[in-house]
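Structure first, commentary second.
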Amino acid sequence: MLTIHTAGELRRTWDDAEPLKEGAVAVEGAMVAAVGTLAEVEERFPGARVRRWPGVLGPARVHEGPLPDAPSPRERVHAVLKLGATAVLAEHAATPGLRHAAERNDVAVLPGARPAAVVEGGRADLAVLDASGACLATVCAGRLVHRRR
Numbered sequence: 185m186l187t188i189h190t191a192g193e194l195r196r197t198w199d200d201a202e203p204l205k206e207g208a209v210a211v212e213g214a215m216v217a218a219v220g221t222l223a224e225v226e227e228r229f230p231g232a233r234v235r236r237w238p239g240v241l242g243p244a245r246v247h248e249g250p251l252p253d254a255p256s257p258r259e260r261v262h263a264v265l266k267l268g269a270t271a272v273l274a275e276h277a278a279t280p281g282l283r284h285a286a287e288r289n290d291v292a293v294l295p296g297a298r299p300a301a302v303v304e305g306g307r308a309d310l311a312v313l314d315a316s317g318a319c320l321a322t323v324c325a326g327r328l329v330h331r332r333r
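This is the structure we're talking about:
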């Protein structure tokens, strides 16, 4: 099902000088189908489910440090998702258990850091952050995997 994620502000990159007001990202499967204003995206995809988020919508983060401590590899990966990250560096997911837990959850394991961006045709990895930078929601490969209540 196609889902449109929208917020009062969309940043295609987190250092975006001019965020898009009332921005939206259409997600189909694991990919970004469209990026634009909510009106533009709804016009392209009438009848799509719309998730309205408080805060700022943008690309999911790349977790560049060691994964947070937790009792199991799965819980360590979930702790990263709760931070708004959908990718980790290979050097920090070197054990088979961590790598397997990351892959099972569609968390990308990267050889090095890369800039995060929301682009049409790219993988649907999104984060919604509040004014303090805390993660409200994480979308990993098109799936809502974390929502702060």
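Its first residue numbered 185, the sequence shown is counted upward by one per residue in our numbering.
The beta-carbon is built from N, C-alpha and C at its ideal position, and this holds for glycine as well.
Give the single residue among the options whose Cα lies nearest to the Cα of residue i.
| i | options | result |
| --- | --- | --- |
| LYS205 | ARG196, GLU212, GLY213, VAL211 | ARG196 |
| ARG228 | ALA292, ILE188, ASP290 | ILE188 |
| GLU304 | GLY242, ALA201, MET185, ARG233 | GLY242 |
| GLY281 | VAL211, ALA254, THR221 | ALA254 |
| GLU202 | VAL209, GLY306, LEU194 | LEU194 |
| GLY207 | VAL261, GLY306, ARG235 | ARG235 |
| ASN289 | HIS276, LEU222, HIS262 | HIS262 |
Could you check whether residue j and residue i sit closer than 8 angstroms to each other, using their CB atoms as the reference points?
| i | j | result |
| --- | --- | --- |
| ALA268 | LEU313 | Reading off the sequence, residue 268 comes out as Gly, not Ala. In contact: GLY268 and LEU313 (Cβ atoms closer than 8 angstroms). |
| ALA311 | ALA244 | yes |
| CYS324 | LEU265 | yes |
| VAL302 | VAL272 | no |
| TRP198 | ALA278 | no |
| PRO295 | ALA274 | yes |
| LEU320 | TRP237 | yes |
Rounded C-beta distance between residue i and residue j? I'm assuming under 8 angstroms.
| i | j | result |
| --- | --- | --- |
| ALA308 | GLY239 | Not quite, the Cβ-Cβ distance comes to about 18 angstroms (not below 8 angstroms), so this is no contact. |
| ALA297 | VAL246 | 6 angstroms |
| GLY326 | GLY213 | 5 angstroms |
| VAL216 | VAL209 | 6 angstroms |
What residues match up with residue i in a beta bridge as DSSP calls it?
| i | result |
| --- | --- |
| THR187 | VAL211, ARG233 |
| PRO243 | LEU310 |
| HIS284 | According to DSSP, which records beta bridges pairwise, HIS284 is partnered with nothing at all. |
| LYS205 | GLU193 |
| ARG327 | CYS324 |
| THR221 | GLY207 |
| VAL272 | HIS247, VAL293 |
Quick check: the Cα distance between residue i and residue j, rounded to an integer number of angstroms?
| i | j | result |
| --- | --- | --- |
| GLU287 | ARG233 | 27 angstroms |
| MET167 | VAL293 | In the structure as shown, the chain starts at 185 and stops at 333, and residue 167 therefore has no counterpart that could be examined. |
| ARG332 | THR322 | 9 angstroms |
| GLY231 | ALA218 | 15 angstroms |
| ARG260 | SER316 | 23 angstroms |
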